[in-house]
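FYI, the numbering used here numbers position 59 of the sequence shown as 132, with every residue one higher than the one before it.
From the three backbone atoms N, C-alpha and C, an ideal C-beta is built for every residue, glycine too.
Since this is a predicted model, take the numbers as computed values, not measurements.
Scroll down for the structure; my scribbles are underneath it.
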Amino acid sequence: MTSLGAAFNPKQNSLNALRLLFATAVIVAHAWPLSGRTDEPIGPGAFNSLGPWAVAGFFVISGYLIAGSRDHSAIAPFLWRRFLRIYPAFVVVLAATAFVFAPLSTLVMGEFSITAGVEYLLKNAGLYIFTFDVNGTLPTAPYPDAWNGSLWTLFYEALCYVGIGLAMTVIPRRWLALALSITVIGGMAVTAAHVYLDVLHVNVILHTIRLGTYFAAGALLYVLRERVAYRWEFAAVSAVAVVITAATGTFDILAAVPLAYLCMWLGIALPLDRVGAKNDISYGMYIYAFPVQQLLAITIGERMPLWLFMLLSIAATVPFAWASWVLVERPAMRLRGRGKQTPQIPAPSLAATT
């Protein structure tokens, strides 16, 4: 039997292609409300549409890779690398939004002040998004008063980084799979209680549990990778399970584990390993698409077919994503150093690729 861990090549896989696909899916999902249509089509139940599905895919892949990164690094260099991977580009997109995108929008509507731009930057600089608005801008946009509706998930991604880093520091190796299993099951139970009984009304807690469950499912798959078979039959069953949960409105409750397996299987099986191997623009696509789409929406978005707005949104975001990678993300990653290698779970080496 070939295990998932044995089949996965950290230097040659299609996970970057999947993440780029998920980032593109988020752009497509946002095209409906940002262009003045109704919200994106949504299935039964809560969090059951293209955008949440894509975010779930990001989190399960991240769970697997980040657990691997922590497994081969001491806690301090691990956290430093995670900081460098998301925070510099995050701050730059905040600044670009406050002092480039927002002022440009006033050529069409609204008004801009330096004070409003500084307030937007400083309020959100801690990674948690306290305000989506640059005061005075986008007052009559199809989707008003929001410049970047994608950035909110990064706070929860960072929480997951810290959580898995600490968990793999204090929990004995032999208990880690059990701890992650309990986390996944508990997260599913709490999410179900929210969906059916409406028990959670604090968004920070709700989203931490929801997204943390996906991340924990990916991390659990990493810990068990040598005991989980790499088989197309398992991938097929996982795909069917994901579709059924989406169709029945239980995706956010039951899909974490099958989605994690399906994503990792596709990352191994698909022949797309060259996509993003040297230049990974998926993060840039995710963080820049929303402000790009807002500028398109207030100029030409309402006058074009939805499909054309989607395609133009994707194409117009690519240069910003490329600039983010070349000018910010890749230079920041050069500062991370190698760190001390401290493997804790016997396995093939996994690079920190996200």
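- Query: For Val313, which of Val296, Leu297, Leu332 and Ile326 has the nearest alpha-carbon?
  - Reply: As a first step, residue 313 is located in the sequence shown; it is residue number 240 there, counting from the start. Closest option to Val313, Cα to Cα, is Leu332.
- Task: State the beta-bridge partners of Ala104 as determined by DSSP.
- Result: For this step, residue 104 is matched to residue 31 along the sequence shown. Per the DSSP secondary-structure output, Ala104 pairs with nothing in a beta bridge.
- Could you please give the first and the last residue of the uninterrupted alpha helix (DSSP H) stretch that includes Met241? For the purposes of this step, residue 241 is taken as the residue at position 168 of the sequence shown. If you look at Met241, you'll find it in the alpha helix (DSSP H) that goes Trp225 to Val243.
- Query: Buried or exposed: where does His267 fall if 16 or more other Cβ atoms within 10 Å of its Cβ makes it buried?
  - Reply: Stepping through the sequence shown from its first residue, residue 267 is reached at position 194. Around the CB of His267, 16 or more other CB atoms lie within 10 Å, so the residue is classed as buried.
- Query: From Thr256 to Gly357, what does the alpha carbon distance come to, in whole angstroms?
  - Reply: Here residue 256 refers to the residue found at position 183 when the sequence shown is read from its first residue. Here residue 357 refers to the residue found at position 284 when the sequence shown is read from its first residue. Take the alpha-carbon of Thr256 and the one of Gly357: they are about 30 Å apart.
- Item | C-alpha distance - Gly412 paired with Tyr160, whole-angstrom precision | For the purposes of this step, residue 412 is taken as the residue at position 339 of the sequence shown. For the purposes of this step, residue 160 is taken as the residue at position 87 of the sequence shown. Its pLDDT being 43, under 50, Gly412 is placed unreliably in this model, and the value from its coordinates should be taken loosely. Answer to the nearest angstrom: the Cα atoms are 19 Å apart.
- Task: Report the rounded CA-to-CA distance for Ala162 versus Leu249, giving the unit in angstroms.
- Result: One-based indexing of the sequence shown puts residue 162 at position 89. One-based indexing of the sequence shown puts residue 249 at position 176. Going from the Cα of Ala162 to the Cα of Leu249 covers about 32 Å.
- Count the C-beta pairs between the segment 365–374 and the segment 84–99 that are closer than 8 Å, then say yes if the count reaches three, no if not. Short answer: they don't touch.
- Query: What are the partner residues of Ala115, as DSSP defines its beta bridges?
  - Reply: Residue numbering aside, residue 115 sits at position 42 when the sequence shown is read from its first letter. Reading the sequence as shown, one finds Ile at residue 115 and not Ala. According to DSSP, which records beta bridges pairwise, Ile115 is partnered with Ser122.
- Message: DSSP three-state label for Ala262, please.
- Response: In the sequence shown, residue 262 corresponds to position 189, counting from 1. In this structure, Ala262 counts as helix in the three-state DSSP scheme.
- Cβ-Cβ distance between Leu94 and Asp353 below 9 Å: As a working note, residue 94 is residue 21 in the sequence shown. As a working note, residue 353 is residue 280 in the sequence shown. Taking 9 Å as the Cβ cut-off, Leu94 and Asp353 do not qualify as a contacting pair.
- Could you give the C-beta distance for Asn221 and Thr170, rounded to a whole number, given that I count them as a contact under 8 Å? Sequence index remark: in the sequence shown, residue 221 carries index 148 (1-based). Sequence index remark: in the sequence shown, residue 170 carries index 97 (1-based). 6 Å between Cβ atoms; contact.
- Task: Would you check if the distance between the CB atom of Ala127 and the CB atom of Gln367 is smaller than 9 Å?
- Result: Position 54 of the sequence shown, counted from the first residue, corresponds to residue 127. Position 294 of the sequence shown, counted from the first residue, corresponds to residue 367. Gln367 sits away from Ala127, with the two beta carbons spaced by 9 Å or more.
- Item | Inter-stretch contact at 8 Å, needing at least 3 Cβ pairs: the segment 319–330 / the segment 104–117 | They touch, by the three-pair rule.
- Task: Tell me whether Glu184 is buried or exposed, calling it buried when 16 or more other Cβ atoms sit within 10 Å of its Cβ.
- Result: One-based indexing of the sequence shown puts residue 184 at position 111. Burial call: exposed.
- Query: With a Cβ-Cβ cutoff of 9 Å, do Gly124 and Ala147 count as a contact?
  - Reply: Working through the sequence shown from its first residue, we reach residue 124 at position 51. Working through the sequence shown from its first residue, we reach residue 147 at position 74. Using a Cβ distance threshold of 9 Å, Gly124 and Ala147 do not count as a contacting pair.
- Message: Taking its Cβ as the centre, do 16 or more other Cβ atoms sit within 10 Å of Ala150, making it buried, or is it exposed?
- Response: Taking the first residue of the sequence shown as 1, we reach residue 150 at position 77. It is Pro, not Ala, that sits at residue 150 in the sequence shown. By the neighbour-count rule (16 or more Cβ atoms within 10 Å), Pro150 is buried.
- Arg154 and Met406: beta carbons closer than 9 Å? In the sequence shown, residue 154 corresponds to position 81, counting from 1. In the sequence shown, residue 406 corresponds to position 333, counting from 1. The Cβ-Cβ distance between Arg154 and Met406 falls below 9 Å.
- Query: Could you give the residue range of the alpha helix (DSSP H) that holds Phe151?
  - Reply: On the sequence shown, residue 151 is found 78 positions in, with the first residue counted as 1. For Phe151, the uninterrupted alpha helix (DSSP H) segment begins and ends at Ile148 to Ala169.
- Message: Quick check on DSSP: helix, strand or coil for Lys413?
- Response: To locate residue 413, count along the sequence shown from 1; it is residue 340. Annotation note: pLDDT 45 at Lys413 (below 50); position unreliable, no value reported.
- Item | Burial state of Leu335 (16 or more Cβ within 10 Å) | Looking up residue 335 in the sequence shown gives position 262. Note on Leu335: 16 or more other CB atoms within 10 angstroms of its CB, so buried under the neighbour-count rule.
- Have a look at Ser186 and Gly410 and give me their C-alpha separation to the nearest angstrom. Walking along the sequence shown from the start, residue 186 turns up at place 113. Walking along the sequence shown from the start, residue 410 turns up at place 337. Distance between the alpha carbons of Ser186 and Gly410 is about 40 Å.
- Task: Throw me the rounded Cβ distance for the Ala265 and Val330 pair, which I believe falls under 8 Å.
- Result: By one-based count along the sequence shown, residue 265 stands at place 192. By one-based count along the sequence shown, residue 330 stands at place 257. The pair is not a contact, with the Cβ atoms about 15 Å apart (cut-off 8 Å).
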